[in-house]
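Down below is the structure, laid out as structure tokens.
Number of protein chains: 2
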Amino acid sequence: MRLRLHNFYRSSTSTRLRAALNLKGLNYEYLAYALRKGDHRSAEFLAINPAGLVPVLELGDGTALTQSLAIIEWLDETYSEPPLLPEDPAARARVRALAYMVACEIHPLNNLRVLNRLGMQFNAGDDAVAQWFVHWVTATFDPLEAMLADSRETGRFCHGDAPTLADICLYAQVWNNRRFSIPLETWPTIARIFAELDGLQAFRDAAPQNQPDAE
Amino acid sequence: MRLRLHNFYRSSTSTRLRAALNLKGLNYEYLAYALRKGDHRSAEFLAINPAGLVPVLELGDGTALTQSLAIIEWLDETYSEPPLLPEDPAARARVRALAYMVACEIHPLNNLRVLNRLGMQFNAGDDAVAQWFVHWVTATFDPLEAMLADSRETGRFCHGDAPTLADICLYAQVWNNRRFSIPLETWPTIARIFAELDGLQAFRDAAPQNQPDAE
Numbered sequence: 001m002r003l004r005l006h007n008f009y010r011s012s013t014s015t016r017l018r019a020a021l022n023l024k025g026l027n028y029e030y031l032a033y034a035l036r037k038g039d040h041r042s043a044e045f046l047a048i049n050p051a052g053l054v055p056v057l058e059l060g061d062g063t064a065l066t067q068s069l070a071i072i073e074w075l076d077e078t079y080s081e082p083p084l085l086p087e088d089p090a091a092r093a094r095v096r097a098l099a100y101m102v103a104c105e106i107h108p109l110n111n112l113r114v115l116n117r118l119g120m121q122f123n124a125g126d127d128a129v130a131q132w133f134v135h136w137v138t139a140t141f142d143p144l145e146a147m148l149a150d151s152r153e154t155g156r157f158c159h160g161d162a163p164t165l166a167d168i169c170l171y172a173q174v175w176n177n178r179r180f181s182i183p184l185e186t187w188p189t190i191a192r193i194f195a196e197l198d199g200l201q202a203f204r205d206a207a208p209q210n211q212p213d214a215e
Numbered sequence: 216m217r218l219r220l221h222n223f224y225r226s227s228t229s230t231r232l233r234a235a236l237n238l239k240g241l242n243y244e245y246l247a248y249a250l251r252k253g254d255h256r257s258a259e260f261l262a263i264n265p266a267g268l269v270p271v272l273e274l275g276d277g278t279a280l281t282q283s284l285a286i287i288e289w290l291d292e293t294y295s296e297p298p299l300l301p302e303d304p305a306a307r308a309r310v311r312a313l314a315y316m317v318a319c320e321i322h323p324l325n326n327l328r329v330l331n332r333l334g335m336q337f338n339a340g341d342d343a344v345a346q347w348f349v350h351w352v353t354a355t356f357d358p359l360e361a362m363l364a365d366s367r368e369t370g371r372f373c374h375g376d377a378p379t380l381a382d383i384c385l386y387a388q389v390w391n392n393r394r395f396s397i398p399l400e401t402w403p404t405i406a407r408i409f410a411e412l413d414g415l416q417a418f419r420d421a422a423p424q425n426q427p428d429a430e
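First to last, the protein sequences are chains A and B. Just so you know, we're using the numbering used here here: the first sequence kicks off at 1 and counts up by one. Just so you know, we're using the numbering used here here: the second sequence kicks off at 216 and counts up by one.
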């Protein structure tokens, strides 16, 4: 199937989806949207996704899939190997919970439009924005570290010895953190897993700086 | 299986989980946490969920499931009837995307700890907090309304004629909106679907004001 990826190199949700596509061994056409220039607000893109958000995965029949986690679940249901979720329901719940800690508690608070809004509504300068960003990363990475360090289910990766949806979200978030120079050593288990992930070609090829539109 | 629900009547993510449990026809023990009093920061609760967030669903064997969407996916995988996601992968992707628009773009920005943070970091008063809340609801409800109104897949509910994960997230968010008196008529399709949902016993019984800890 022909796949077209509408995305932006530095968007964390785009990084997630690129990693998932790479893990599944799928080729895709790369379409870049410069968010700071407002490419995602064009009439053409809004016709594809009325929410004006990347990433979007466009299928050969013109179907436009939105929301990175929904697209990754679709990929996992459509291309079974390698699986991005374990088989056992309780294990799946653990992996999804770890993924959603990043996807529902950190990223939504720290993406570009939210940081811009802090400036517009509260005159937040660079320092205040950085403080906000670090606050939400810490509020979730602290318990995430504890949950990973304390569980026998944590292996080479977040769950066992194969990468899952949880690793995909974690990997993208750590790259995002680097924009604010957050030292990863504070969370040794997360740091170890990130290093493991960054050693895999599928993840490395999804990293922001390795994209054609990287500045 | 014995199920214990750690939750709070007004927590939107708790409302989601109650609706899912009710739709599946499952009984559960209701354990209330007064978030404004900090019940969720007790050592006892942090031992159950290090993130200090409700809801948590505790299973008979002591397993504590966290993150409402992960728990609902677990419920759907464990108790098949009625399904909360359609069978077709593309339809599942649509339902999940609609759900995540609420769960990843609105709720994370508008929950209690974020509104408190606006006060602490930016001295935001009631008016500024309300403006923030309404801003993020509008930013997503506008495109959500368009996506629901323009799709032939929308039926009596968000997807077809049976309630799904998307309806669960939407229903909980609309109750949350009422705290800031956001008029629902702005989004006629959302308003129609909410009215349909509110006519179902499973949803009505999950609504904040119908819980034992409601003030």
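Here a beta-carbon is modelled for each residue, glycine too, at the ideal position from N, C-alpha and C.
Measuring straight from C-alpha to C-alpha, what distance separates residue i and residue j?
i             : j             : result
residue 20/A  : residue 246/B : 38 Å
residue 77/A  : residue 22/A  : 15 Å
residue 392/B : residue 352/B : 8 Å
residue 261/B : residue 130/A : 27 Å
residue 97/A  : residue 68/A  : 16 Å
residue 274/B : residue 217/B : 6 Å
residue 64/A  : residue 70/A  : 12 Å
residue 328/B : residue 253/B : 11 Å
residue 83/A  : residue 92/A  : 11 Å
residue 425/B : residue 232/B : 14 Å
residue 86/A  : residue 290/B : 16 Å
residue 117/A : residue 347/B : 9 Å
residue 387/B : residue 43/A  : 31 Å
residue 72/A  : residue 378/B : 23 Å
residue 41/A  : residue 139/A : 32 Å
residue 111/A : residue 99/A  : 17 Å
residue 318/B : residue 267/B : 18 Å
residue 427/B : residue 212/A : 55 Å
residue 187/A : residue 400/B : 46 Å
residue 343/B : residue 127/A : 21 Å
residue 159/A : residue 101/A : 14 Å
residue 336/B : residue 88/A  : 42 Å
residue 66/A  : residue 11/A  : 14 Å
residue 125/A : residue 105/A : 23 Å
residue 334/B : residue 407/B : 35 Å
Taking the alpha-carbon of residue i as reference, which of the options has the nearest alpha-carbon?
i             : options                    : result
residue 180/A : 134/A, 73/A, 101/A         : 134/A
residue 244/B : 224/B, 219/B, 324/B, 256/B : 219/B
residue 264/B : 53/A, 185/A, 150/A         : 150/A
residue 423/B : 256/B, 228/B, 294/B        : 228/B
residue 183/A : 142/A, 103/A, 11/A         : 142/A
residue 33/A  : 26/A, 9/A, 51/A            : 9/A
residue 239/B : 417/B, 430/B, 339/B        : 417/B
residue 251/B : 373/B, 242/B, 269/B, 259/B : 269/B
residue 148/A : 85/A, 125/A, 124/A, 194/A  : 194/A
residue 305/B : 90/A, 62/A, 103/A          : 62/A
residue 295/B : 241/B, 335/B, 387/B        : 241/B
residue 415/B : 371/B, 401/B, 400/B, 403/B : 371/B
residue 390/B : 401/B, 419/B, 334/B, 337/B : 419/B
If you follow the alpha helix (DSSP H) that residue i is in, where does it begin and where does it stop?
i             : result
residue 135/A : 126–149
residue 19/A  : 12–23
residue 184/A : It is not in any alpha helix (DSSP H) - residue 184/A carries neither H nor E in the DSSP assignment.
residue 263/B : 258–263
residue 101/A : 89–105
residue 201/A : 201–204
residue 113/A : 112–122
residue 266/B : Taken as a continuous stretch (DSSP letters only), residue 266/B belongs to no alpha helix (DSSP H), as it is neither H nor E.
residue 165/A : 165–178
Using 8 Å for Cβ pairs, my map puts residue i next to residue j. What's the rounded Cβ distance?
i             : j             : result
residue 228/A : residue 107/A : Any property of residue 228/A remains undetermined from this structure, which presents chain A solely from 1 to 215.
residue 360/B : residue 309/B : Wrong, their Cβ atoms sit about 15 Å apart, outside the cutoff.
residue 412/B : residue 382/B : 6 Å
residue 165/A : residue 190/A : Not quite, the Cβ-Cβ distance comes to about 16 Å (not below 8 Å), so this is no contact.
residue 15/A  : residue 214/A : Wrong, their Cβ atoms sit about 11 Å apart, outside the cutoff.
residue 109/A : residue 330/B : Wrong, their Cβ atoms sit about 12 Å apart, outside the cutoff.
May I ask which residues mark the beginning and end of the beta strand (DSSP E) holding residue i?
i             : result
residue 65/A  : 64–66
residue 222/B : 219–222
residue 245/B : 244–247
residue 273/B : 271–273
Consider the C-beta atom of residue i and the heavy atoms of the ligand NAD; say whether any pair is separated by less than 6 Å.
i             : result
residue 302/B : Ligands in the displayed structure: none, and consequently the ligand NAD is not present.
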